[in-house]
Structures are given as structure tokens and as C-alpha cells.
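All letters in the sequence shown, in the order written, are residues 276 to 557 by this note's numbering.
Virtual Cβ for every residue (Gly too), placed ideally from N, Cα, C.
No experiment lies behind these values; they were computed from the predicted model shown.
Here's the structure, in C-alpha cells; my notes come after.
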Amino acid sequence: MVATEQLPSPLLNARRFGARCLPVLTDDRLYESVGVRVVFTGREGGVSKGPYESLNLGSHVEDDLSSVQENRGILLESLDASNVRLVMANQVHGDTLVCIEGASASLVDEACEQARKGADALVVGACDVAALLCFADCVPVVIVSPTGRFAVVHAGWRGVMNGVAAKAAETLAKLDRPRLGAGASSEYNVYVGPHIRTCCFETGTDVRDRFAARFGSGCIADNGHVSLVKALSVGLEEAGVSPHRIVDAGVCTQCSHEEYFSYRASGGVCGRHGAIAYRKAR
Numbered sequence: 276m277v278a279t280e281q282l283p284s285p286l287l288n289a290r291r292f293g294a295r296c297l298p299v300l301t302d303d304r305l306y307e308s309v310g311v312r313v314v315f316t317g318r319e320g321g322v323s324k325g326p327y328e329s330l331n332l333g334s335h336v337e338d339d340l341s342s343v344q345e346n347r348g349i350l351l352e353s354l355d356a357s358n359v360r361l362v363m364a365n366q367v368h369g370d371t372l373v374c375i376e377g378a379s380a381s382l383v384d385e386a387c388e389q390a391r392k393g394a395d396a397l398v399v400g401a402c403d404v405a406a407l408l409c410f411a412d413c414v415p416v417v418i419v420s421p422t423g424r425f426a427v428v429h430a431g432w433r434g435v436m437n438g439v440a441a442k443a444a445e446t447l448a449k450l451d452r453p454r455l456g457a458g459a460s461s462e463y464n465v466y467v468g469p470h471i472r473t474c475c476f477e478t479g480t481d482v483r484d485r486f487a488a489r490f491g492s493g494c495i496a497d498n499g500h501v502s503l504v505k506a507l508s509v510g511l512e513e514a515g516v517s518p519h520r521i522v523d524a525g526v527c528t529q530c531s532h533e534e535y536f537s538y539r540a541s542g543g544v545c546g547r548h549g550a551i552a553y554r555k556a557r
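Take a look at the structure:
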């Protein structure tokens with residue numbers, strides 16, 4: 276699908292998909308406009324047991340691997356994307372990006388191999404290729420262009436500090452420049468999913484000082500907690516993203532640990548929910 280006009284203003288609405296009525300946050304108007312489906316999952320709807328109950332999408336947390344694979348299949352089937360190639364990454368809290376500009380088997384296989392070596396952002400310009408990253412307190416970010424390109428980003432506090440989301444926006448803008456011209460990133464929608472919020476993200480003085488020095492005092496609460504989303508937004512705006520096109524789910528994973536996985540709330544043993552995006556060929 277080719278975009279012919281500006282994207283609708285971003286929003287996140289709660290919806291249920293598929294036979295299992297899988298609960299997610301998504302933007303239906305975006306899908307109708309440009310064909311890109313953006314989804315933030317929660318804990319509900321899968322088959323995992325114990326501390327990973329139930330829709331754990333992470334394969335690195337000691338959950339039964341067959342359950343994780345079934346959960347990923349449930350997610351894709353629920354989103355009517357069973358025939359879409361899935362790209363995931365070994366997330367390393369860095370700023371490495373992997374770009375997938377074509378849907379051929381060789382290109383997707385190459386991207387999967389690169390992502391396995393370590394990456395925290397997947398930039399996709401092809402139809403029928405889904406990018407999925409996993410979270411349990413870190414910040415999920417999805418950036419969408421009117422051209423149909425998108426990026427899925429994993430930003431923990433180190434990722435926010437090193438600007439991985441801004442780097443993804445800048446990479447999209449370079450790819451989009453032939454069509455959108457200079458300032459392409461001002462046209463992007465940015466979706467920020469559930470993550471640990473200011474109320475619960477308490478850090479040491481050294482980390483708070485680094486955030487204040489880099490992003491300003493506005494991201495530091497009176498009690499010394501840090502707002503990751505405010506810091507992230509500063510970095511995105513520096514990359515040309517309009518603040519009016521950044522939408523925040525407004526959910527704290529630690530406060531809402533029964534609905535979302537939280538590393539801090541669980542003491543370090545838990546599953547991972549996901550941020551996934553894809554564009555189906557029409």
C-alpha cells in the first residue's frame with residue numbers, strides 16, 4: 276500500500292484479536308491509512324506457565340521453548356499474519372540497527388542472522404515482514420512513516436541514553452528522503468508502549484545526573500525518579516520528530532505487573548511481552 280497523505284494523528288486503543296480474543300494496544304486508524312499494524316501485547320492469551328504465564332514471547336528467560344514458539348504463533352495468527360516472516364533480535368541494550376528493505380527469503384534470512392548477533396532496533400521497508408522485540412520494564416517504541424516503513428525499538432535506560440530510538444528515526448528519514456524530502460521525520464508517528472514509569476523507576480544519583488545532563492531536568496522527578504519517556508521524547512524531537520506525533524500508552528509495567536511482565540516487580544524472573552509491527556501486502 277502506498278501512502279498518499281499525512282498519517283492520522285497517533286493514538287493507542289485497546290482491542291482484542293483472533294479466536295483467543297488476544298488483548299493488545301494498537302492504532303486502527305494507522306492500519307486503515309497506510310496498512311501498518313502496530314501492536315503492544317500484554318501477559319494474557321498464551322500457554323506459558325508459572326512466572327512466565329501466559330503470553331511470554333521471550334526465548335531467553337528459561338521458559339519452555341515450545342511454549343514460547345506456540346505463543347509467537349498465537350500472536351501472529353491472532354493478527355492475521357501467520358504467513359508473515361518474523362524477525363527478532365538478541366537485544367543487548369545497545370544502539371545497533373538492522374534494516375530489512377526486501378521480503379525475499381535471502382534478505383530476511385540475512386537480517387535474522389544480523390539481528391541474532393545483537394541489535395535493539397529493526398527497521399523494515401518490506402511488506403509481509405514483521406519485527407518483534409520483547410520487554411519487561413524497558414521502553415517499547417514503534418516509529419511509522421507515511422511511506423509504510425517502520426522501526427521497532429527496544430530502549431532500556433541505556434538505550435534511551437545512547438539514543439537508539441532517535442537513531443532509528445534518522446535511519447528511516449535517510450531511507451525516506453527520496454520520497455519525503457528533508458525533514459521526513461516530522462511526518463512520523465511514534466508509539467511508546469507500556470514500560471516502567473517515573474513513579475517506579477528509581478535510580479542511583481549517577482544515573483539521574485547523566486539523564487539530567489543529557490536531557491534536562493524535566494525528566495527528573497522531585498523524588499529523584501527518572502522519566503524515561505520524557506528523556507526519550509527529547510531525543511526524538513532532536514531527530515526531527517514532532518512532539519504532537521508521539522503517543523504514550525501511559526501504563527507502568529511495575530504497577531500493572533498482573534497485566535504486563537515486570538522485571539523489577541517479579542524480582543528478575545518473568546516472561547516478556549512484545550512490540551510488533553508489520554505491513555501486509557494488499
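- In its chain, beyond the 5 residues on either side, 515, 517 have a beta carbon closer than 6 Å to the beta carbon of residue 461.
- Where residue 346 is concerned, there is no enclosing beta strand (DSSP E), although the alpha helix (DSSP H) around it starts and stops at 340-353.
- Within the region 418-478, the runs of alpha helix (DSSP H) at least 4 residues long that lie entirely inside it are, in chain order, 432-436, 439-455.
- Membership of residue 305 in the alpha helix (DSSP H) is indicated by the continuous run 303-309.
- For residue 483, the three-state secondary structure derived from DSSP is helix.
- With fewer than 16 other beta carbons inside 10 angstroms of its own, residue 453 counts as exposed.
- DSSP places residue 408 inside the beta strand (DSSP E), whose first and last residues are 404-410.
- DSSP, read as helix, strand or coil, puts residue 315 in strand.
- Taking the Cα of residue 402 as reference, the smallest distance to any Cα among 285, 548, 309, 533 is reached at 309.
- A contact is defined here as three or more CB-CB pairs under 8 Å, and the region 431-445 meets this definition with respect to the region 479-489.
- With a minimum length of 3 residues, the unbroken runs of beta strand (DSSP E) contained wholly in the region 367-400 fall at 372-375, 396-399.
- Residue pairing by DSSP leaves residue 516 without any beta bridge partner.
- Here the alpha carbon of residue 543 sits roughly 44 Å from the alpha carbon of residue 455.
- The criterion of a C-beta distance shorter than 8 Å is not satisfied by residue 430 and residue 444.
- For residue 326, the secondary structure class from DSSP, reduced to helix, strand or coil, is helix.
- In this structure, residue 535 keeps its C-beta atom at 8 Å or more from the C-beta atom of residue 519.
- When beta bridges are read from the DSSP output, residue 361 appears opposite 405.
- When 296, 284, 409, 389 are compared, the shortest CA-CA separation from residue 375 is found for 389.
- Distances from the alpha-carbon of residue 284 to those of 446, 305, 414 put 305 closest.
- Between the region 342-352 and the region 368-384 there are fewer than three C-beta pairs closer than 8 Å, too few to call the two in contact.
- Of the candidates 555, 537, 458, 458 places its Cα closest to the Cα of residue 511.
- Restricting attention to 557, 473, 331, the CA atom closest to the CA of residue 321 is found in 331.
- Here residue 447 is not near residue 551, since their CB atoms are 8 Å or more apart.
- Looking at the DSSP output, residue 289 shares a beta bridge with 300.
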